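Enquirer: In this note's numbering, the protein residues as written are 3 to 266.
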Amino acid sequence: MSETRSDRTQPCELCGVKEFTLVDQFDRRGDCLHTVVCRGCGLVSHESIPTDAELQCYYENEYRQDYHGEQTPSAHRVIRAWAVGQWLLRQLKDFVKPNDRICEVGAGIGCTVKAFELSGYNTTGIEPGAGFYRFGSGQLRAPLQQLSLYDVTPVPSYDFILLVHVIEHFSSPRQALTHLRSLMSPEARLYVECPNIAGAHAAPGKQFHFAHVYNFSPETLVWLAESCGLSVHACLSKRNDRVLRYLFERAERPNKVDTRGGYE
């Protein structure tokens, strides 16, 4: 099968290579969205990366309606989010100490934050979306703040951070992971969960969306984390799972990773 080269000149977020192959021209709804794969490391992303300003405006005003079809969560979404929060609490409680300071970045309506709080943990969450923030803080009494990640002062304030289906949304996941590392205490853990581009997809051909700027495989996620000064503490998913689940910890310094062969 012939490959279509991309005209993108912006270097790869992971390896710095400037050569890309076009993967798809449309998003899950059939709208125009060019998706490319780096010919150096295999990282999949938008051909044209949105700016921070564009994404901030999108997430504060449009994302929940565009991606979820609602600005204020429906009863079905609340029930589903509560179940997810309870599941995460069960999966992660063995990695959390009783006195840990916990923060969820991109907390949505705050069900996960509330689940941890009700279990006795010192927990907070940040959520940029106005509608979901208002619902979570007002209706659920979840300990939320309407902030983006970069509004949080880069000091080591937390012992456990959750990043659940968020890393794929950043214009620069490298910048995001670097900032998150600055928020971590020396013994802190960072839980990252995101879709697995290498796993089986429920609807092939419909996995791409404007909100998902990056699409990670196990290799590209770990490589990026290691290059940002993190190391794998535990892998909680299998290679072919639809979702990647990793616990990272602080490393002494960023690691110079070898991404050769990632494209193949």
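Every residue, glycine too, gets a C-beta built ideally from N, C-alpha and C. Since the model is a prediction, treat every value here as computed from it, not as a measurement.
Does the separation of the CB atoms of threonine 261 and glycine 42 fall below 8 Å?
Expert: The residue given as residue 261 occupies position 259 in the sequence shown. The residue given as residue 42 occupies position 40 in the sequence shown. Result yes, Cβ atoms of threonine 261 and glycine 42 sit closer than 8 Å.
Enquirer: Which residues in the same chain have their Cβ closer than 7 Å to the Cβ of leucine 226, if we skip the five residues on either side of it in sequence?
Expert: By one-based count along the sequence shown, residue 226 stands at place 224. Hits under 7 Å: Leu16, Pro175, Arg176 and Leu179.
Enquirer: Taking 8 Å as the threshold, find out whether the segment 157-165 comes into contact with the segment 178-196 through three or more Cβ pairs.
Expert: Segments in contact, yes.
Enquirer: According to DSSP, which residues form a beta bridge with proline 197?
Expert: On the sequence shown, position 195 is the one that residue 197 refers to. In the DSSP output, where bridge partners are listed per residue, proline 197 has Val245.
Enquirer: Hey, is the segment 230-241 in contact with the segment 29-39, meaning 3+ C-beta pairs nearer than 8 Å?
Expert: no
Enquirer: Going by the CB atoms, is the gap between leucine 146 and serine 121 shorter than 8 Å?
Expert: Looking up residue 121 in the sequence shown gives position 119. Looking up residue 146 in the sequence shown gives position 144. It is not a contact, given that the beta carbons lie outside the stated cut-off.
Enquirer: Would you mind stating whether tyrosine 216 and serine 8 have Cβ atoms separated by less than 8 Å?
Expert: Taking the first residue of the sequence shown as position 1, residue 216 is located at position 214. Taking the first residue of the sequence shown as position 1, residue 8 is located at position 6. Not a contact, by the Cβ cut-off of 8 Å.
Enquirer: CB-CB under 8 Å to alanine 83, same chain, minus the five flanking residues each way: which ones, in chain order?
Expert: As a first step, residue 83 is located in the sequence shown; it is residue number 81 there, counting from the start. Excluding sequence neighbours, alanine 83 sits near Pro75, Gly110, Ile111, Cys113 and Thr114.
Enquirer: Flag this pair as yes or no: are the beta carbons of serine 219 and isoleucine 199 separated by less than 8 Å?
Expert: Residue numbering aside, residue 219 sits at position 217 when the sequence shown is read from its first letter. Residue numbering aside, residue 199 sits at position 197 when the sequence shown is read from its first letter. Their beta carbons are under 8 Å apart, which means serine 219 touches isoleucine 199 by this criterion.
Enquirer: Flag this pair as yes or no: are the beta carbons of alanine 202 and asparagine 257 separated by less than 8 Å?
Expert: For the purposes of this step, residue 202 is taken as residue 200 along the sequence shown, with counting starting at 1. For the purposes of this step, residue 257 is taken as residue 255 along the sequence shown, with counting starting at 1. No, Cβ-Cβ distance for alanine 202 and asparagine 257 is not below 8 Å.
Enquirer: Would you mind stating whether leucine 149 and valine 194 have Cβ atoms separated by less than 8 Å?
Expert: Numbered from its first residue, the sequence shown carries residue 149 at position 147. Numbered from its first residue, the sequence shown carries residue 194 at position 192. For leucine 149 and valine 194, no; Cβs fall outside 8 Å.
Enquirer: Using DSSP with H/G/I as helix, E/B as strand and the rest coil, what is isoleucine 169?
Expert: Stepping through the sequence shown from its first residue, residue 169 is reached at position 167. Here isoleucine 169 sits in helix by DSSP.
Enquirer: Just the C-alpha distance for valine 245 and asparagine 63, rounded to the nearest angstrom, thanks.
Expert: Counting from one through the sequence shown, the residue named residue 245 turns up at place 243. Counting from one through the sequence shown, the residue named residue 63 turns up at place 61. Between valine 245 and asparagine 63, the C-alpha separation is close to 27 Å.
Enquirer: Using the three-state DSSP reduction, which class does tyrosine 152 fall into: helix, strand or coil?
Expert: Looking up residue 152 in the sequence shown gives position 150. Three-state result, tyrosine 152: helix.
Enquirer: Residue range of the beta strand (DSSP E) that aspartate 54 falls in?
Expert: Counted from its first residue, the sequence shown places residue 54 at position 52. That residue, aspartate 54, is in no beta strand (DSSP E); its alpha helix (DSSP H) goes 54-63.
Enquirer: Excluding sequence positions up to five away, which residues of its chain have a Cβ less than 6 Å from the Cβ of glycine 127?
Expert: What you label residue 127 is simply residue 125 of the sequence shown in a count that begins at 1. The answer, listed in chain order, is Glu106, Ala109, Gly112, Val115 and Leu146.
Enquirer: For methionine 3, does the three-state DSSP call read helix, strand or coil?
Expert: Here the question's residue 3 lines up with position 1 in the sequence shown. Bear in mind that the predicted position of methionine 3 carries a pLDDT of just 49, short of 50, making it unreliable; the figure below should be weighed with that in mind. Coil.
Enquirer: How far does the alpha helix (DSSP H) with isoleucine 104 in it extend, from its first residue to its last?
Expert: Position 102 of the sequence shown, counted from the start, is the residue given in the question as residue 104. Segment 103-107 is the beta strand (DSSP E) holding isoleucine 104; no alpha helix (DSSP H) there.
Enquirer: Residues in the same chain with beta-carbon distance under 8 Å from glutamine 209, minus the five sequence neighbours each way, listed in chain order, please.
Expert: The count along the sequence shown starts at 1 and reaches residue 209 at position 207. Closer than 8 Å at the Cβ level, and outside the excluded window around glutamine 209, lie Arg30, Pro197, Ile199, His203 and Asn217.
Enquirer: Arginine 191 bridges to which residues according to DSSP?
Expert: Here residue 191 corresponds to residue number 189 of the sequence shown, with the count starting at 1. For arginine 191, which the question treats as bridged, DSSP gives the partners Phe162 and Glu251.
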